[in-house]
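Working notes, structure below.
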Amino acid sequence: MEIKTIMVIGAGQMGGGIAQVCAAAGYTVYLNDLKQEYIDKGLARIEKNLSKQVSKERITQDDLNGTMDRLKPTTDIHDAKHVDIVIEAAVENMEVKGNLFSRLDEIAPEHTILATNTSSLPITEIAAVTKRPEKVIGMHFMNPVPVMKLVEIIRGLATTDESYQAVEKLAVDLGKTAVEVNDFPGFVSNRILMPMINEAIYTVYEGVSSPEDIDSVMKLGMNHPMGPLTLADFIGLDTCLYIMETLQEGFGDDKYRPCPLLRKYVKAGWLGRKTGRGFYQYQ
Ligand code: CAA
Ligand code: NAD
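Each step along the sequence shown adds one to the number in the numbering used here, with nothing skipped, and position 100 is 81.
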């Protein structure tokens, strides 16, 4: 099947980035969120990213205009009836994703693939709320989407080769490298990354060192581009907590227990960069 039209659900940091790369690659993209103001914020971020590319002469003003024209803002999920694939990037919560997928299943045409950008939740469980589990798949982009090359593609129990191949082709068209991963909590990326971040948070919690020094150890000692606490703030501490909870529940192993300090920050509304405060403060 040929993908021409896409709906991205959630205009946050991931949904905005996914919509940007899809529209830049020539696809028509419906960008959906709960409120118009969230979509406007997402579109403003996309335009700012593209303007930087224009000023660096990587793209032309016409390219920017064309990409922005291909983005169709919508708060109406019924626009899913126009698309060949939906890429869901709403919050990391099974109830929210379950509700979305059962509605999308009713609205979208029969041929439409329903993909999720979930960081950790079981694809098979999301697929089970639909009558088309063969067309449900994980398409896990990395943050920031316009920069990071990887897309993890995760098959649910019933996902067909046809759905897999269509999503792999889309990832390649977007300039990404696709890696196939089986449906286990956290897949590969977050099963490895998130326990490291959680351990860094325990290191703050236990007073081993300051956030700045912990980040310096990992940046200067291990050549990581960002220290784990800067990265946690960048990802969003809410998302980090939900991923750790999924790992703990999915594997039933105490080694995945979220650090109490992570829980405390999320309860305080300190979600990292997106709220202006996490392990660091942002203006
Ligand atoms: N959106 C779009 N582009 C961005 C960006 C953003 N948020 N942040 C940086 N960039 C672009 C810059 O414009 C710049 O582009 P050019 O090369 O075209 O000029 C380029 O990225 C490099 O940026 P900078 O020079 O400003 O900064 P940097 O060299 O420190 O790189 C970074 C920034 C790419 C984010 C780098 O710090 C990095 O790789 N950090 C780690 C990111 C990472 O680990 N991501 C995975 C997170 S986990 C995940 O996504 C999965 C999950 O489920 C939680
Ligand atoms: P975010 O908080 O920046 O954005 C989420 C957006 O979804 C918000 O704008 C919110 O209003 C919207 N939303 C919530 N419920 C909705 C609904 N029912 N319908 C439409 N829109 C809805 O979060 P994010 O960081 O972009 O994460 C989104 C998803 O991507 C999560 O599943 C997360 O685990 C995954 N993910 C995140 C990262 C990351 O680094 N942050 C990386 C890969 C995958």
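Quick reminder that beta carbons are idealized off the backbone N, C-alpha and C, glycines included.
Original post:
What residues are listed by DSSP as bridge partners for Y11?
Top reply: For the purposes of this step, residue 11 is identified with residue 30 of the sequence shown, where counting begins at 1. Per DSSP, M(-12) and K53.
Subject >> Coil, strand or helix - E69 by DSSP >> reply: Position 88 of the sequence shown, counted from the start, is the residue given in the question as residue 69. If DSSP states are grouped into helix, strand and coil, E69 belongs with the strands.
**OP:** Could you spell out the range, first to last residue, of the beta strand (DSSP E) harbouring M177?
**Re:** Here the question's residue 177 lines up with position 196 in the sequence shown. Taken as a continuous stretch (DSSP letters only), M177 belongs to no beta strand (DSSP E), being part of the alpha helix (DSSP H) at S170 to Y186.
Subject >> Of the residues S36, G(-2), T140 and A89, the one placed nearest A71, counting alpha carbons only >> reply: Sequence index remark: in the sequence shown, residue 71 carries index 90 (1-based). The option with the nearest alpha carbon to A71 is G(-2).
**OP:** Taking G47 as the reference, give the member of W251, L31 and E38 with the closest Cα.
**Re:** As a working mapping, residue 47 is identified with position 66 in the sequence shown. For the residues W251, L31 and E38, the minimum Cα distance to G47 belongs to L31.
**OP:** Answer yes if the segment 134 to 150 comes into contact with the segment 109 to 119, meaning at least three C-beta pairs across the two stretches below 8 Å, and no otherwise.
**Re:** yes
Original post:
Going by alpha carbons, who is nearest to D265 out of G259, A181, S170 and I224?
Top reply: The structure shown does not extend to residue 265, since the chain is modelled only from -18 through 264, so no value can be given for it.
**OP:** Tell me where the beta strand (DSSP E) around R26 begins and ends.
**Re:** Position 45 of the sequence shown, counting from 1, holds the residue named residue 26. First-last for R26: Q17 to S36, but that is the alpha helix (DSSP H), not the beta strand (DSSP E).
Subject >> DSSP-derived helix/strand/coil call for T158 >> reply: Mapped onto the sequence shown, residue 158 falls at position 177. Here T158 sits in strand by DSSP.
Subject >> Boundaries (first-last residue) of the alpha helix (DSSP H) holding V247 >> reply: On the sequence shown, residue 247 is found 266 positions in, with the first residue counted as 1. P241 to A249 is the span of the alpha helix (DSSP H), which, as asked, contains V247.
**OP:** Could you tell me if K157 is buried or exposed, where buried requires 16 or more neighbouring beta carbons within 10 angstroms of its beta carbon?
**Re:** Reading the sequence shown from its first residue, position 176 is the one you call residue 157. Burial call: buried.
**OP:** Taking only runs that begin and end inside the segment 95 to 125, name each unbroken beta strand (DSSP E) of 3 or more residues, in chain order.
**Re:** Runs of beta strand (DSSP E) with 3 or more residues, each lying fully within the segment 95 to 125, are found at 117 to 122, listed in chain order.
Subject >> Pairwise C-alpha distance: P127 and V169 >> reply: Numbered from its first residue, the sequence shown carries residue 169 at position 188. Numbered from its first residue, the sequence shown carries residue 127 at position 146. If I take the Cα positions, the gap works out to 21 Å.
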